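Numbering (the UniProt record's numbering), first residue to last: 1 to 480.
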């Protein structure tokens, strides 16, 4: 064979051998590549970054978004580690730098082409509206905004929604750097005339800032979802979508949303103002009684105080037409069973009420867990455990479940209906009343937790939580 031909064949063979080695290497890399979700499962930790404000983060892990993230971590069978960030920009930077696997915190999915191209989102789990709120200057129309100064958190869906209004003349808008709570404080102090926040923020903060008013919405419903770094493989996002799909199809998503948002639906401005006044005037001489009763019963003193307020507005001499008396409105029979000799003695009444509530809490079926277990006990405090169990039997007869408060509250009102109560063990009851009763106590309890934060709440943290989650530390040279 000619020497040149032989050299060409050798050269060609070497090239094909090299190509073959490259292909084999790529195939081996492909087969050995570990996906994002597999890495999380191997390491046993899901790292989540959330906004550092009371609606999205607390040390007990009982905000809406944290509860969902905790369930997702359980679904993956891994631990949960939280970090906090002060803005949505910091959330995104944490994802880009690989300091977190996903971001939560009421994140609105931007309209097509409107958001950062390197961010991806899970399927939505709820919707929000962007709302104009005010305190002093009544705002009813969009045209009125042009004569006022508004504030909105910078680089947020609210900011984009307000800018999209294309008002003529242009709106005077302050791009606020800070949390939603700080924004509402500025509005309350009269530093601006109105603010734009989302509907869930409005519902959450409304009891704490009762003078705020809703003017009008400036957006259609917008989807809220979890956020991921799009340049990673989509395995974690796909796992999140499957988890949220399953949660919705099982009915658990609705239960979680109701647990965190249900009691915020109704709002009574006059009632909240009266409550604040009574906290200052009536609660101080009773606080030691609630705290002592809490130590004995193992319950939160603020919950006991919320029950006492719902029962009597903290009036030691309260008497109802049905004969119940005292701060905790005990019946004569219940008081006797609890060793309360004088129902009008505030110390005895509070201690007796705490013992009774703890007893009811223990009588709720074991498979029902807190916080639903406590809401069941409160309903029983109001209407009796027998009627609560009757409502559960009505649900069972209809082939429905009533193992969560969001479910039970639908069946309690049926105790008024002869079509249902005549088949129950304990008969007729005004079943709508315990529903209102429990929701009121939940609102008062939220307010008291906000007014009197507990020093020992860090003792009851979810796995991966600390009294204050470490903030994400971002190198300043990295820009968005």
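All C-beta atoms in this analysis are idealised placements derived from N, C-alpha and C, irrespective of residue type, glycine included.
Note that the structure is a prediction, hence the values are computed from the model and not measured.
Original post:
So residue 103 is in the beta strand (DSSP E); what residue range does that whole segment cover?
Top reply: On the chain shown, residue 103 is found 103 positions in, with the first residue counted as 1. 102-108 is the span of the beta strand (DSSP E), which, as asked, contains residue 103.
Original post:
If we ignore side chains and look at the alpha-carbon of each, how far apart do residue 261 and residue 42 end up?
Top reply: Residue numbering aside, residue 261 sits at position 261 when the chain shown is read from its first letter. Residue numbering aside, residue 42 sits at position 42 when the chain shown is read from its first letter. Cα-Cα distance, rounded: 35 Å.
Original post:
Given that a residue counts as buried once 16 or more other Cβ atoms are within 10 Å of its Cβ, and exposed if not, what is residue 52?
Top reply: Indexing the chain shown from 1 puts residue 52 at position 52. Buried, by the Cβ-count rule.
Subject >> 8 Å Cβ cutoff met for residue 68 and residue 256 >> reply: Start at 1 with the first residue of the chain shown, and residue 68 comes out as number 68. Start at 1 with the first residue of the chain shown, and residue 256 comes out as number 256. Yes, Cβ-Cβ distance for residue 68 and residue 256 is below 8 Å.
Subject >> Range of the contiguous beta strand (DSSP E) that encloses residue 290 >> reply: The residue labelled residue 290 in the question sits at position 290 within the chain shown. Residue 290 -> not in any beta strand (DSSP E); alpha helix (DSSP H) instead, spanning 287-297.
Original post:
Alpha carbon to alpha carbon, what distance is there between residue 157 and residue 408?
Top reply: Here the question's residue 408 lines up with position 408 in the chain shown. Here the question's residue 157 lines up with position 157 in the chain shown. Near 36 Å, if we compare the C-alpha coordinates of residue 157 and residue 408.
Subject >> Three-state class that DSSP yields for residue 205 in the structure shown >> reply: Counting from 1 along the chain shown, the entry for residue 205 is found at position 205. Three-state DSSP puts residue 205 in a helix.
Original post:
Can you name the residues that DSSP bridges to residue 197?
Top reply: The sequence position of residue 197 within the chain shown is 197, counting from 1. Beta-bridge analysis with DSSP links residue 197 to 131.
**OP:** Would you mind stating whether residue 414 and residue 394 have Cβ atoms separated by less than 8 Å?
**Re:** Sequence index remark: in the chain shown, residue 414 carries index 414 (1-based). Sequence index remark: in the chain shown, residue 394 carries index 394 (1-based). Yes, the Cβ-Cβ distance between residue 414 and residue 394 is below 8 Å.
Original post:
Is the beta carbon of residue 98 sitting closer than 8 Å to the one on residue 135?
Top reply: Within the chain shown, the letter at position 98 stands for residue 98. Within the chain shown, the letter at position 135 stands for residue 135. Contact: no.
Subject >> Cα-Cα separation, residue 222 to residue 130 >> reply: As a working mapping, residue 222 is identified with position 222 in the chain shown. As a working mapping, residue 130 is identified with position 130 in the chain shown. Going by the C-alpha atoms only, they are around 8 Å apart.
Subject >> DSSP state of residue 60 mapped onto helix, strand, coil >> reply: Position 60 of the chain shown, counting from 1, holds the residue named residue 60. Secondary structure at residue 60: coil, using DSSP grouped into helix, strand and coil.
Original post:
Does the region 362-374 come within contact of the region 325-343, defined as at least 3 CB pairs closer than 8 Å?
Top reply: no
Subject >> Under 8 Å between C-beta atoms of residue 487 and residue 230 >> reply: Coverage of the chain is limited to positions 1 through 480, which leaves residue 487 absent and any answer about it impossible.
Original post:
So, are the CB atoms of residue 35 and residue 235 less than 8 Å apart?
Top reply: Residue mapping note: residue 35 aligns to position 35 of the chain shown, counting from 1. Residue mapping note: residue 235 aligns to position 235 of the chain shown, counting from 1. Contact flag set, yes.
Original post:
When burial is assigned at 16 or more other CB atoms within 10 Å of the CB, is residue 32 buried or exposed?
Top reply: The count along the chain shown starts at 1 and reaches residue 32 at position 32. Note that residue 32 has pLDDT 48, beneath the 50 cutoff, so the model's placement of it is unreliable and the number below is only indicative. So residue 32 counts as exposed.
Original post:
What are the boundary residues of the beta strand (DSSP E) that includes residue 388?
Top reply: The residue you call residue 388 lines up with position 388 of the chain shown. Element bounds for residue 388: not the beta strand (DSSP E) but the alpha helix (DSSP H), 385-397.
**OP:** Would you kindly work out how many angstroms separate the C-alpha atoms of residue 57 and residue 77, rounded to a whole number?
**Re:** Position 57 of the chain shown, counting from 1, holds the residue named residue 57. Position 77 of the chain shown, counting from 1, holds the residue named residue 77. Rounded to whole angstroms, residue 57 and residue 77 show a C-alpha spacing of 22 Å.
Original post:
Which one or two residues does DSSP pair with residue 151 in a beta bridge?
Top reply: For the purposes of this step, residue 151 is identified with residue 151 of the chain shown, where counting begins at 1. According to DSSP, residue 151 bridges with 174 and 195.
Original post:
Do three or more CB pairs link the region 285-295 to the region 344-353 at distances below 8 Å?
Top reply: yes
Original post:
Expressed to the nearest angstrom, what Euclidean distance is found between the alpha-carbon atoms of residue 126 and residue 106?
Top reply: For the purposes of this step, residue 126 is taken as the residue at position 126 of the chain shown. For the purposes of this step, residue 106 is taken as the residue at position 106 of the chain shown. Rounded to whole angstroms, residue 126 to residue 106 spans 9 Å at the Cα level.
**OP:** Whole angstroms is fine: what's the gap from residue 304's alpha carbon to residue 327's?
**Re:** Residue numbering aside, residue 304 sits at position 304 when the chain shown is read from its first letter. Residue numbering aside, residue 327 sits at position 327 when the chain shown is read from its first letter. Approximately 11 Å between the Cα atoms of the pair.
Original post:
For residue 316, which of 251, 339 and 349 has the nearest alpha-carbon?
Top reply: The residue given as residue 316 occupies position 316 in the chain shown. If we check each option's Cα against that of residue 316, 349 comes out closest.
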